């Protein structure tokens, strides 16, 4: 009852309110469907609070299976089957990477991309850093208009017919560069230009191909040989050029050459083992031409298997050469410092040739002891001499490139049969230095100069040829080992340098043209109120310190004798030290004669004592008379004060002329100059010579002509007054477009 | 009678106009001038002394702010205009030649954190501690008009700095995150975040304009590319970087002013170690700005001094200080590379010469030549002890001097300690670590 009553009671309530309550209650059970927030502002970032479940929910999603179910038609049912088949085959994709990892990868990729963009600036920045003069604001390329000067007057001059025709034949290029907006990838003009360029390239390529085909058809061996030789020459030239300009590339090229050499060494080409060579060998006995051909073949092989020698051009080496010049020529073939050495192949050839000859000769001597072998020997020697001549010629060609040469003079065997039995070879080596060599860094091969000289009959040398050659061989092997070691060392060094180079991405470092002092030190900062002790006390303190330290050490006089003086060798000749002893003796005699009557020794001693007395450091009295005491005349300051305020100088100072009886050394003569002199070679300079030269060259217009003066005083950085210096722009990186249509 | 007279052609000894240099016949044979280098040395010494005599870098100050100066901004197109914001939210526009304040208004509640001109220079944008980004007209309001921002954007996050793109209508703000904004929109178009640490400085690269960098409070400097969705890289240093500046002539190098009294120049392509460490300050470095020539930069420090560094040197070439100048909050190098502007805690903006002894104003050609000549001489004899001593001598305030001495003793102590340790351990145990490798903790990918 009560329920119904209640109900009745509720019936009275306002309808609208009731409806609202009902709706609210109903809504309690439902999933809240929020409206998606609509936004006027397009953004990439979607707030997590804005994420709303889709209205349809999971239930509402459409699946493919459901779609295919609808297809009842027989033909279309096939599609449904296909779909199920593929869905069976399909595998789920792997789980995506964890977010931190994925982010990391994205970051690295982005960074690398960015880095490449920065790398483009390397050349510009390096050149800017190395430039000795820069004027700001920098000239921008996009505001630049280059017009051929020839074209300008022609704009306002009546052209003759001939002129017009000529112009048609050779068109004058006009650069007219205007700022191009970056936003468009390629304008119409650029497209046309690009197309034309590519067409031109293609045509060129076709032409080259045709040419190559034509050339390949040529059968003439001579032509090909010449062609090949030219090619090799060209390559060598390029290599030399590369060595100067781009040593890194040159190193690579050198490796290629080395490889080619190695291939040549292990192949049998040019070795004289082929059919052709054997035929020639048979013929060589009687035919001069074939002999020459054979020899040429051998030289080819030698050329190809020679080791390229690299020589540095450091200043240190320079000095070494200079010093070598002054040294007497050493005769030692066992001197490891002798740079010049015959390359392996050549020496071996030479030695083995003679050995062969000697063996043959011995054999024949045993067999016949006749005349026939003599002829053969003669021929053999002839050949050898020719070979030597060739070597000599070659070495002459290489002469400029060589630093040190060993000259071997071999005395030729006389035609005479009798003397032939004890042919005497005398070798003589002398070092030569070629100054040119140090300047151009180049490759050289053989360092032996073999020259042919007339034999003198009355030679006393009785050594047999065999002994000489054994000795020679020993020396050669010794040298070669040394050389090998050196080469290996070099190679290792090279490798290490290349590794370093490879590690760095771009290295465009260049030497700045003018050497500037680089002083990277903190400023010498003082406070105004810093207590400045008087210079006298400072000096005295310095003296005391030095004395104390000296005394504390046990000085070994031997050490002083052996100690090397660090002489920073100047270019100015030291005239004082170049006095001859004889001169001094003579002078002494003269002086003795002149002052025979005077007692100069006594005078001198007196003078020395005076000098020593004068140079002695004096006590510094810091006491203030009248400070804490009575002052005035006749008042003696107390002992305690004396002790405290008088800084005592050391009783005896070590002097340089202490033990040198008749000599006064005045160490204080140029103290005033000393403080103006540079103690060490400042940083960018490596040698005293360089630094001195830089100081000695005047820049003032009272010593150099006005034009030079202007050049010298040009400031490193120039700015224009009242002009804004804008940061550089990318237009600087992109050169000027080639042509304008 | 024959009278012999000396007759000379006046063309040989008379100059054509009084503006020409005197015609002096000279014989340049070096044998006739045995004292060439000695004379030049004396001239160099005199030039050096004169340089120090004329070294009066302070030009003047701009007073008017009622609180410390928090930020300074140069007009990118005009040399005479300077904007300054203060800790009380006031912004002032200065006319530098007349040293007058031409406009003043309160822009923000709280500190003005950053000001930046738009590309067209017709507006400037300010950010403040009230989390708003306000755009203002660059020109003074007409008579009767109120000082009102053209646009106000309420940011969701705290803002600490602003930097405008050089060409496009974009700008970037730092705060909790790094945000890229479009001038025409009220929402950031891009947001970068790496970790949770807040950022306190932001700077667009003026050359590769898509790159920007921020300094974070986790002691790191973070690089971004505007086009990417993620930051590029992060360098974590031993102490916090307060401010960074890009070199306007070298796309990939930037310099950071660090809390550890040093400045570090980095190459963005190799962040493992700085290219150079610039020491000399004796307290945290708060600000750094490049000379537009890219050869030098200026730094302001908490030690109440301004120092000028050359990019490739580890020590400063100049120190500026005055008795009344307090902690530096911002320093700017003007765009004609002639002046330095500094704002400090004690409400003043000071104008300095970038080269202390430079003569201002136009120079006559002969004057210019003479100055260039003395400059060349100084350079030639730079390493001579007396010249070095005179040219590098500076008087510094006592507190800097004492702090320096203290730092030196600390450094010496460390060195000695390390040497001792090295001497008493197995060789190789205590490696020699170059100074440049000591300050970077990691190069985070």
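Protein chains in written order, with full-length UniProt numbering: chain A, 1 to 741; chain B, 1 to 445. We treat Cβ as the ideally placed atom computed from N, Cα and C, and that holds for glycine. For clarity, every value in this text was computed on a predicted model and none was experimentally measured.
Give the residues from the region 102 to 117 of chain A that approach chain B closer than 7 Å (Cβ to any Cβ), ordered along the chain.
Listed in sequence order: 103, 104, 106, 107, 108, 110, 111, 114, 115 and 117.
Under 9 Å between beta-carbons, which chain B residues line up against residue 119 of chain A? List them in chain order, please.
Locating residue 119 of chain A in the first chain gives position 119, where the first residue counts as 1. Neighbours of residue 119 of chain A on chain B, chain order: 252 and 269.
Measure the C-alpha to C-alpha separation of residue 235 of chain B and residue 520 of chain A and round it to an integer number of angstroms.
Here the question's residue 235 of chain B lines up with position 235 in the second chain. Here the question's residue 520 of chain A lines up with position 520 in the first chain. Each residue's Cα considered, the two are about 26 Å apart.
In chain order, each alpha helix (DSSP H) run of at least 4 residues that lies wholly inside the region 60 to 119 of chain A
64 to 70, 74 to 89 and 99 to 119
Is any beta-carbon of chain B found at less than 9 Å from that of residue 520 of chain A?
Start at 1 with the first residue of the first chain, and residue 520 of chain A comes out as number 520. By this cut-off, residue 520 of chain A is an interface position.
For residue 180 of chain B, I'd like the list of residues in its chain whose CB is within less than 7 Å of its CB, leaving aside the five on either flank, ordered along the chain.
As a first step, residue 180 of chain B must be located in the second chain, where it is residue number 180. Closer than 7 Å at the Cβ level, and outside the excluded window around residue 180 of chain B, lie 170, 172, 188, 189, 190 and 226.
Are residue 59 of chain B and residue 306 of chain B closer than 9 Å when you measure CB to CB?
Sequence index remark: in the second chain, residue 59 of chain B carries index 59 (1-based). Sequence index remark: in the second chain, residue 306 of chain B carries index 306 (1-based). Not a contact, by the Cβ cut-off of 9 Å.
Less than 6 Å between C-beta atoms, sequence neighbours within five positions excluded: which residues of the same chain meet that for residue 103 of chain B?
Residue numbering aside, residue 103 of chain B sits at position 103 when the second chain is read from its first letter. Correct list, in chain order: 93 and 140.
Among the candidates B:322, B:392, B:156 and B:422, whose CA atom is the shortest distance from the CA of residue 53 of chain B?
In the second chain, counting from the first residue as 1, residue 53 of chain B sits at position 53. Per the Cα distances, B:392.
When you compare only the Cα positions, how much space is there between residue 16 of chain B and residue 25 of chain B?
In the second chain, the residue the question calls residue 16 of chain B occupies position 16. In the second chain, the residue the question calls residue 25 of chain B occupies position 25. Roughly 15 Å between the two C-alpha positions.
Contact criterion: CB-CB distance below 9 Å. Does residue 214 of chain B meet it with respect to chain A?
The sequence position of residue 214 of chain B within the second chain is 214, counting from 1. Answer no: the Cβ-Cβ gap between residue 214 of chain B and chain A never drops below 9 Å.
Quick check on the burial criterion: 16 or more other C-beta atoms within 10 angstroms. Buried or exposed for residue 36 of chain B?
Taking the first residue of the second chain as position 1, residue 36 of chain B is located at position 36. Classification of residue 36 of chain B: buried, given that the 10 Å Cβ count is 16 or more.
Identity of the residue in A:538, A:672, A:100 and A:670 nearest residue 619 of chain A by Cα
Counting from one through the first chain, the residue named residue 619 of chain A turns up at place 619. Comparing Cα-Cα distances from residue 619 of chain A to each of A:538, A:672, A:100 and A:670, the minimum goes to A:538.
Chain A beta carbons: is any one of them nearer than 9 Å to that of residue 353 of chain B?
Working through the second chain from its first residue, we reach residue 353 of chain B at position 353. Residue 353 of chain B does not count as touching chain A.
Residue-level contact to chain A via CB, residue 225 of chain B, 9 Å cutoff
In the second chain, the residue the question calls residue 225 of chain B occupies position 225. Residue 225 of chain B counts as touching chain A.
Hey, how far is the Cα of residue 286 of chain B from the Cα of residue 384 of chain B?
Taking the first residue of the second chain as 1, we reach residue 286 of chain B at position 286. Taking the first residue of the second chain as 1, we reach residue 384 of chain B at position 384. The straight-line gap from Cα to Cα measures roughly 35 Å.
Check: residue 267 of chain A C-beta below 8 Å from any heavy atom of the ligand MG:
The ligand MG is not part of the structure shown, which contains no ligands of any sort.
Taking only beta carbons into account, state which residues of the UniProt repeat "WD" (278 to 319) of chain B come closer than 7 Å to chain A, listed in chain order.
If the cut-off is 7 Å between Cβ atoms, the UniProt repeat "WD" (278 to 319) of chain B has 280, 292, 293, 295, 313, 314, 315, 316 and 319 near chain A.
Across which residues does DSSP place residue 134 of chain B in a beta bridge pair?
Indexing the second chain from 1 puts residue 134 of chain B at position 134. Partner(s): B:126 and B:152.
Can you name the residues of chain A whose CB is closer than 7 Å to the CB of residue 388 of chain B?
The residue you call residue 388 of chain B lines up with position 388 of the second chain. Within chain A, the residues near residue 388 of chain B are 519.
Say whether chain A places a C-beta atom closer than 9 Å to the C-beta of residue 375 of chain B.
Looking up residue 375 of chain B in the second chain gives position 375. With 9 Å as the cut-off, residue 375 of chain B counts as an interface residue toward chain A.
Within a Cβ cutoff of 6 Å, which residues of the same chain sit near residue 783 of chain A, ignoring the five residues on either side of it in sequence?
Here chain A covers residues 1 to 741 and nothing more, so residue 783 of chain A does not appear.
Express the C-alpha separation of residue 208 of chain B and residue 202 of chain B in angstroms, rounding to a whole number.
Here residue 202 of chain B refers to the residue found at position 202 when the second chain is read from its first residue. Here residue 208 of chain B refers to the residue found at position 208 when the second chain is read from its first residue. So the two alpha carbons sit approximately 15 Å from each other.
Using 8 Å as the threshold, is the region 327 to 334 of chain B in touch with the region 375 to 383 of chain B, meaning 3 or more CB pairs across them?
no
Buried or exposed by the 16-neighbour rule on C-beta atoms within 10 Å, applied to residue 233 of chain B:
One-based indexing of the second chain puts residue 233 of chain B at position 233. The residue is buried, with at least 16 neighbouring Cβ atoms inside 10 Å.
Measuring straight from C-alpha to C-alpha, what distance separates residue 121 of chain A and residue 251 of chain B?
By 1-based counting over the first chain, the position of residue 121 of chain A is 121. By 1-based counting over the second chain, the position of residue 251 of chain B is 251. The straight-line gap from Cα to Cα measures roughly 7 Å.
Residue burial classification, residue 478 of chain A (beta-carbon count within 10 angstroms, cutoff 16)
Indexing the first chain from 1 puts residue 478 of chain A at position 478. Its Cβ having fewer than 16 others within 10 Å, residue 478 of chain A is exposed.
I'd like the span of the beta strand (DSSP E) that includes residue 158 of chain B, first residue to last.
Walking along the second chain from the start, residue 158 of chain B turns up at place 158. Unbroken run through residue 158 of chain B: none, as it is neither H nor E.
Can you confirm whether residue 4 of chain B, when its beta carbon is compared against all beta carbons of chain A, has any partner nearer than 9 Å?
The residue given as residue 4 of chain B occupies position 4 in the second chain. Judged by the 9 Å Cβ criterion, residue 4 of chain B is not in contact with chain A.
With a 10 Å radius around its C-beta and 16 neighbouring C-beta atoms as the bar for buried, classify residue 214 of chain B as buried or exposed.
In the second chain, the residue the question calls residue 214 of chain B occupies position 214. Buried, by the Cβ-count rule.
If you measure between the beta carbons of residue 448 of chain B and residue 134 of chain B, is that distance less than 9 Å?
For residue 448 of chain B there is no data in the structure shown, the boundaries of chain B being 1 and 445.
Taking only beta-carbon positions, decide if residue 720 of chain A is within less than 9 Å of chain B.
As a position in the first chain, residue 720 of chain A is number 720, starting the count at 1. Closer than 9 Å to some Cβ of chain B, the Cβ of residue 720 of chain A qualifies, so yes.
Taking only beta-carbon atoms, is residue 516 of chain A less than 9 Å away from chain B?
Locating residue 516 of chain A in the first chain gives position 516, counting from the first residue. Residue 516 of chain A counts as touching chain B.
9 Å Cβ cutoff met for residue 127 of chain B and residue 86 of chain B
Walking along the second chain from the start, residue 127 of chain B turns up at place 127. Walking along the second chain from the start, residue 86 of chain B turns up at place 86. The answer is no: Cβ separation not under 9 Å.
Checking the sheet assignment: what are the DSSP bridge partners for residue 59 of chain B?
For the purposes of this step, residue 59 of chain B is identified with residue 59 of the second chain, where counting begins at 1. DSSP, once it has assigned bridges, lists no residue as partnering residue 59 of chain B.
Does any residue of chain B bring its CB to less than 9 Å from the CB of residue 98 of chain A?
Working through the first chain from its first residue, we reach residue 98 of chain A at position 98. Output row for residue 98 of chain A: interface = no.
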